[in-house]
Ligand code: FES
């Protein structure tokens, strides 16, 4: 029996019908057609499906859509604005910080959370993503070579040291 839920995704409220077992990642991709959120492992390991729920990162393959009812969600499609790319997207682009790009949306959303809400005790892999060897140096270069600054409008801005 389907249940009606409302998800506010990237600032727009959507009321949809889902089965109680529907995973949030599938609701986002298949019902809302926001395919920037990817499914890599489907077992909560890779982080490709990472989104922000109420500003906190979550692997959407481990969340039921009904659990997100009434919540505010940010997907990679919500990072850019009419003024342009989010600073992290610009940084990833400038540093070619990707491999095939499949996991990049999840990495960016996790990085947004870390940069906007710094955590005192970071894990060894603060992104929580399984990283590929080829882009690792690019991602580290990006993360070490940039600092977060804030624009006058409060949006984060990446600057070279
Ligand atoms: S698809 Fe969700 S963690 Fe891999």
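Residue numbers (my numbering): 800 to 960.
Built from N, CA and C at the ideal position, the CB exists for glycine as well.
Validate contact between the region 853-867 and the region 816-832 using beta carbons, cut 8 Å, 3 pairs: yes
Looking at the strands, I want to know which residues DSSP matches up with residue 808. 811 and 872
Cα-Cα, which of 868, 869, 911 and 870 is closest to residue 889? 911
Boundaries of the alpha helix (DSSP H) in which residue 884 is found, first to last residue: Looking at the DSSP string, residue 884 is not in any alpha helix (DSSP H), and its letter there is neither H nor E.
Check each candidate in 913, 914 and 902 and name the one with the smallest Cα separation from residue 848. 902
In chain order, which alpha helix (DSSP H) runs of at least 4 residues are fully inside the region 804-864? none
Tell me whether residue 847 counts as near ligand 1, meaning its Cβ is closer than 8 Å to at least one heavy atom of that ligand. yes
Where does residue 860 land, buried or exposed, given buried means 16+ other C-beta within 10 angstroms? buried
Neighbourhood of residue 868 by C-beta distance below 6 Å, restricted to the same chain and skipping five residues each side: 804
Going by Cα to Cα distance, which pick from 823, 879 and 873 is closest to residue 851? 873
Which residues share a DSSP beta bridge with residue 802? 817
Where residue 900 falls: helix, strand or coil (DSSP): DSSP places residue 900 in coil when its eight states are reduced to three.
Best match in 841, 914 and 880 for proximity to residue 822 [C-alpha to C-alpha]: 841
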